[in-house]
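Report on the structure given below.
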Amino acid sequence: RTTGPPRAWLGLSSDWNDTGNWAPHAVPTHNTDVEIPGSLGNYPVLTSDVAIASLTQGAGSSLDVAGHRLVINGSLVDANITGMQAVELIGVEGTINGQISAPIRVDGELSVTGSLNTAALEIAANGLLAIGSHTVSVNGDFTSAGVLAMHSNDGTLNITGAANFVGGSTSGHLQAGRINLQGNLTI
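Numbering (my numbering), first residue to last: 1 to 187.
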């Protein structure tokens, strides 16, 4: 994966598309690593669909997708994302952790590197999500057409809605850990 120069959020306003909010002064593109530090007065709100290479958020920061699509072609670190539109993760060998009140769609290969909380979670046919020894909490429905990998006894997937396994391979991938389901299970 080739990326351009990273962009750091300055927070002069909440407009993602304002070049003055970024250092260096350019709006991030699909090949840009983005950093949003904590302790700022303003945090970004999307006003259109956005594609970036990766996103790292500092403690206390936030990003509001505001009904727009956010596509990340890499890692999502210490996320604090709000909004109703799905966050789509399409990268290979990416990582994810954080608090995401928007639904997540995994259409790449991701490893969970810390606690992950989300409104809903979909693993697409080309997706792989490796939970490792971490806890993933889905406060809605979980759907997997791809691969869910659980290899650690400490790995946990909590689902408050329904769980739908509609394809993908579980052979050799669901070896340890636990799935706690409050809703219906469809296999």
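Glycine included, each C-beta is placed from N, C-alpha and C at the ideal position.
- Where alanine 8 is concerned, the enclosing beta strand (DSSP E) starts and stops at 7-9.
- Glycine 114 sits in a strand when the DSSP states are folded into three classes.
- Sorting Thr160, Ser61 and Glu35 by C-alpha distance to the C-alpha of isoleucine 179 places Thr160 at the top.
- Per DSSP, valine 65 lies in no beta strand (DSSP E) and is assigned neither H nor E.
- Sequence-distant partners of histidine 25 (beyond 5 residues in either direction) whose C-beta falls short of 7 Å from its own C-beta, in its chain, are Thr19.
- Taking each of Thr143, Gly168 and Leu129 in turn and checking the Cα distance to asparagine 184, the smallest one comes out for Thr143.
- Annotation: isoleucine 131 to threonine 186 spans about 20 Å, alpha carbon to alpha carbon.
- Put simply, the backbone Cα of leucine 148 is about 6 Å away from that of leucine 128.
- DSSP, read as helix, strand or coil, puts threonine 56 in strand.
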